[in-house]
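> Submitted below is the structure of interest, expressed as structure tokens.
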Amino acid sequence: MLVEGGNVYWTRNEEEVEGIVVVFSWVSVEERQLRKHVDLYGSLGWNCLVCCADFLNAFHPEKATAVAFFVLSELIEKLRIKRRPVVFLSFSGGSKACLYKVFQIIQGTCDGRLTVDDNQLVRSCLSAHIYDSGPLEFSSDFAAQFTLHPTILKLPGACKLMSWFAKGLQSSLDALFLTKFRTQHAEYWQALYSSTHLGAPYLVFCSDGDPLVPYRVVCSFAHRLRNLGGDVELVKWNHSPHLGHYEQYPVQYKTAVSCILEKASSVFSRKTRELEIKRSRMDAMHDDISELFCNLQKAAGDSSRGKRRIAVETSDQYFAPSPESQQGGSSPSQDQIREGSVHFINPPSINAHSLLGQALFDGCVPKNVEGWDIKFSGTLNGQPLGTASRRSPPRGFKSFLRSKL
């Protein structure tokens, strides 16, 4: 499938495979070399998703991002059908043309991002990394090394010619893309180093006779990965050309690949178990929360019913005949009156003829004081009290005057 920035295709359509190898290739990889490696992984029962990135992807980050998103979408579509172990395989400049952008997308440091579920799916399936003749050091003469024909590089004075050509090509690319190569250098290596957080082992093939990828660069890369906690196996050969390790040492190469694929399967199984444990814990937590809410709702319902029952019982203590019963002339039965009557508590009172009343009123209070003629001296409101008594004050006031209080 031709997409913007490269070509992406599957090598096998079989459903029953051990896993998926995502191959990141570049123009430096010949078709015959790529086919041999794809056949090797196919013989081991693994399917390959091949990404052949264009030359300009290494200098144009937007193109590399577009291809990376397409590769991930193809991979996720397969993993949704059935989860399988995934291995990222990078040849030569494929790490710069596409792979590092894939890492940025997975880790959320790129402009575009995957959904949470898709990101978790890729992370849980990624089980190993393989670098063959890479990663490349990104320098100013990087493009010239792959643009000039190998016969030109063998001519006398080729180093000076390559330097001139590199400067001219670098200036042209800078004017075209309005960027410089070295501005992407730190971003590129940081993305490769950050892949250690994905929890997958590494297998790195290199040679001390590779003119494009010096051994010191690959050795420094492997050492840095180990310092970051990565499980790295570095396989080094002598006098092996760039991308020619499998042709020079087929038996050793296949053995190393078989070992890393077996390790990838075990890593995938471990990640699957951890994911199942995490999901079971989340399900248990969800069940606990649901049970807690159910208990709270039940308690709230019981409390509400209890309040309604208390209100009904309280209202039943009071009886009032309905208007219909009053109009019909029927009266409630004696039991209904006894059950529905309201009992009022009499306020406390003092009997004047009791012992306490005699003590308070200073002696025995006569029971009948009617007809008594009580005369007082003095005035009331400026008038003689006798005159006031003859005006026959109200009965209540008269009783008050007759008391000793």
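Each residue of the sequence shown is one higher than the last, beginning at 1 in full-length UniProt numbering.
C-beta atoms are modelled at their ideal positions from N, C-alpha and C, and glycine is treated no differently.
Go to Asn227, then tell me how far its alpha helix (DSSP H) extends in each direction, as first and last residue.
Position 227 of the sequence shown, counted from the start, is the residue given in the question as residue 227. Note, Asn227: alpha helix (DSSP H), Tyr215 to Asn227.
> Quick test of the definition: if touching needs 3 or more C-beta pairs under 8 Å, does the stretch 122-130 touch the stretch 258-277?
Result yes; three or more Cβ-Cβ pairs closer than 8 Å.
> For my contact list, Cys98 and Ala64 are in at a C-beta cut-off of 8 Å; report their separation, rounded to the angstrom.
By one-based count along the sequence shown, residue 98 stands at place 98. By one-based count along the sequence shown, residue 64 stands at place 64. Indeed, because the Cβ distance is near 5 Å, the residues count as touching under 8 Å.
> Please state whether the Cβ-Cβ distance between Leu203 and Val122 is less than 9 Å.
Translated into the one-based positions of the sequence shown, residue 203 becomes position 203. Translated into the one-based positions of the sequence shown, residue 122 becomes position 122. Cβ distance not < 9 Å, so Leu203 and Val122 don't count as in contact.
> Can you find the residues in the same chain that come closer than 8 Å, C-beta to C-beta, to Leu225, ignoring five residues on each side of it along the sequence?
By 1-based counting over the sequence shown, the position of residue 225 is 225. Same-chain partners within the cutoff: Tyr193, Thr196, Tyr202 and Val232.
> If I measure Cβ to Cβ from Ser322 and keep anything under 7 Å in the same chain, skipping five residues before and after, which residues do I get?
Taking the first residue of the sequence shown as position 1, residue 322 is located at position 322. Summary for Ser322: the model assigns pLDDT 49, below 50, so the residue's position carries little reliability; its value from the coordinates is reported in the next sentence. Counting only Cβ-Cβ distances below 7 Å, and skipping sequence neighbours, we find nothing.
> Quick check on this structure: which residue in Arg32, Ser25, Tyr41 and Ser28 has the alpha carbon closest to the alpha carbon of Tyr253?
By one-based count along the sequence shown, residue 253 stands at place 253. Residue Tyr41 is the option with its Cα nearest to Tyr253.
> By alpha-carbon positions, which one of His185, Gly199 and Phe221 ends up nearest to Cys206?
As a working mapping, residue 206 is identified with position 206 in the sequence shown. It is Phe221 whose Cα lies nearest to the Cα of Cys206.
> For Trp46, does the three-state DSSP call read helix, strand or coil?
Looking up residue 46 in the sequence shown gives position 46. If DSSP states are grouped into helix, strand and coil, Trp46 belongs with the strands.
> Starting from Trp10, trace the beta strand (DSSP E) both ways and give me its first and last residue.
As a first step, residue 10 must be located in the sequence shown, where it is residue number 10. Taken as a continuous stretch (DSSP letters only), the beta strand (DSSP E) holding Trp10 covers Gly6 to Trp10.
> From which residue to which residue does the alpha helix (DSSP H) around Leu192 run?
In the sequence shown, the residue the question calls residue 192 occupies position 192. That run of the alpha helix (DSSP H) goes His185 to Tyr193.
> Can you name, in chain order, every residue of its own chain whose Cβ lies under 7 Å from the Cβ of His37, other than the five neighbours on each side?
Taking the first residue of the sequence shown as position 1, residue 37 is located at position 37. Cβ neighbours of His37 beyond the five flanking positions: Tyr246.
> Rounded to a whole number of angstroms, what is the C-alpha to C-alpha distance between Val67 and Ala53?
Translated into the one-based positions of the sequence shown, residue 67 becomes position 67. Translated into the one-based positions of the sequence shown, residue 53 becomes position 53. Spanning the two alpha carbons is a distance of roughly 8 Å.
> DSSP three-state label for Val17, please.
The residue given as residue 17 occupies position 17 in the sequence shown. In the structure shown, Val17 sits in coil (DSSP, three-state: anything other than H, G, I, E or B).
> Gly5: which of Trp26, Glu15 and Ile20 sits nearest, CA to CA?
One-based indexing of the sequence shown puts residue 5 at position 5. Ranking Trp26, Glu15 and Ile20 by Cα distance to Gly5 puts Trp26 first.
> Report, in whole angstroms, the separation of the C-beta atoms of Ser92 and His223, which I expect to be a contact under 8 Å.
Against the sequence shown, residue 92 aligns to sequence position 92. Against the sequence shown, residue 223 aligns to sequence position 223. So it is not a contact: roughly 21 Å between Cβ atoms.
> Lys101: which of Phe70, Arg84, Phe293 and Leu2 sits nearest, CA to CA?
On the sequence shown, position 101 is the one that residue 101 refers to. That would be Phe70, whose Cα lies nearest to the Cα of Lys101.
> Roughly how far, in whole angstroms, is the beta-carbon of Phe24 from the beta-carbon of Ser90, given that I think they are within contact range, below 8 Å?
Taking the first residue of the sequence shown as 1, we reach residue 24 at position 24. Taking the first residue of the sequence shown as 1, we reach residue 90 at position 90. The pair is a contact, with the Cβ atoms about 5 Å apart (cut-off 8 Å).
> Can you name the start and end residues of the alpha helix (DSSP H) that Tyr246 belongs to?
On the sequence shown, position 246 is the one that residue 246 refers to. First-last of the alpha helix (DSSP H) with Tyr246: His245 to Gln248.
> With DSSP run on the structure shown, which of helix, strand or coil describes Leu126?
The sequence position of residue 126 within the sequence shown is 126, counting from 1. Strand.
> In whole angstroms, what is the alpha-carbon distance linking Lys78 and Lys298?
Taking the first residue of the sequence shown as 1, we reach residue 78 at position 78. Taking the first residue of the sequence shown as 1, we reach residue 298 at position 298. Each residue's Cα considered, the two are about 46 Å apart.
> Residue range of the alpha helix (DSSP H) that Lys78 falls in?
The residue you call residue 78 lines up with position 78 of the sequence shown. It spans Pro61 to Ile81 - the alpha helix (DSSP H) in which Lys78 sits, taken as one unbroken run.
> Since Gly209 and Asn238 are thought to touch, with beta carbons under 8 Å apart, how far apart are those beta carbons, to the nearest angstrom?
By one-based count along the sequence shown, residue 209 stands at place 209. By one-based count along the sequence shown, residue 238 stands at place 238. Going by Cβ atoms, the distance from Gly209 to Asn238 rounds to 7 Å, so yes, they are a contact pair.
> Nearest-angstrom Cα distance between Arg35 and Gly94?
Numbered from its first residue, the sequence shown carries residue 35 at position 35. Numbered from its first residue, the sequence shown carries residue 94 at position 94. Whole-angstrom Cα-Cα distance: 16 Å.
> Would a C-beta distance cut-off of 9 Å place Gly134 and Pro85 closer than the cut-off?
The residue you call residue 134 lines up with position 134 of the sequence shown. The residue you call residue 85 lines up with position 85 of the sequence shown. No; because the gap between Cβ atoms is not below 9 Å, this pair is not in contact.
> Does Glu276 pass the burial test, meaning 16 or more other C-beta atoms within 10 Å, or should it be called exposed?
Residue mapping note: residue 276 aligns to position 276 of the sequence shown, counting from 1. Glu276 is exposed by the Cβ-count criterion.
> How far does the alpha helix (DSSP H) with Lys101 in it extend, from its first residue to its last?
Here the question's residue 101 lines up with position 101 in the sequence shown. Run containing Lys101: Tyr100 to Ile106, per the alpha helix (DSSP H) assignment.
> Which whole-angstrom value is the C-beta distance of Leu44 and Leu261, which I expect to be below 8 Å?
Here the question's residue 44 lines up with position 44 in the sequence shown. Here the question's residue 261 lines up with position 261 in the sequence shown. The pair is a contact, with the Cβ atoms about 6 Å apart (cut-off 8 Å).
> Using a Cβ-Cβ cutoff of less than 8 Å, which residues in the same chain neighbour Leu234 once the five nearest sequence positions on both sides are dropped?
Within the sequence shown, the letter at position 234 stands for residue 234. Result list for Leu234: Val204, Cys206, Val218, Cys219 and Ala222, in chain order.
> With 16 other CB atoms within 10 Å as the buried threshold, where does Asn57 fall?
Numbered from 1 along the sequence shown, position 57 holds the residue referred to as residue 57. Buried: at least 16 other Cβ atoms inside 10 Å.
> Where does residue 421 sit, in a helix, a strand or coil, going by DSSP?
A query on residue 421 cannot be resolved here, the shown segment of the chain reaching from 1 to 405 and no further.
> Using a 10 Å radius around the Cβ and a threshold of 16 neighbouring Cβ atoms, would you call Gly301 buried or exposed?
Locating residue 301 in the sequence shown gives position 301, counting from the first residue. Looking at its Cβ environment, which holds fewer than 16 other Cβ atoms inside 10 Å, Gly301 is exposed.
> I'd like the list of long-range same chain contacts for Thr11, defined as Cβ closer than 7 Å, with 5 residues on each side in sequence excluded.
Reading the sequence shown from its first residue, position 11 is the one you call residue 11. Around Thr11: Val38, Gly42, Asn47, Cys48 and Val50.
> If you draw a straight line from the C-alpha of His185 to the C-alpha of Leu292, how long is it?
Against the sequence shown, residue 185 aligns to sequence position 185. Against the sequence shown, residue 292 aligns to sequence position 292. Near 54 Å, if we compare the C-alpha coordinates of Leu292 and His185.
> Whose CA, out of Pro214, Val251, Ser240 and Gln190, lies closest to the CA of Leu228?
The count along the sequence shown starts at 1 and reaches residue 228 at position 228. Leu228 has its Cα closest to that of Gln190, out of Pro214, Val251, Ser240 and Gln190.
> Only counting the same chain, and skipping five residues up and downstream in sequence, which positions put a Cβ closer than 7 Å to that of Asp118?
Position 118 of the sequence shown holds residue 118. Excluding positions up to five away in sequence, the list reads Ile76.
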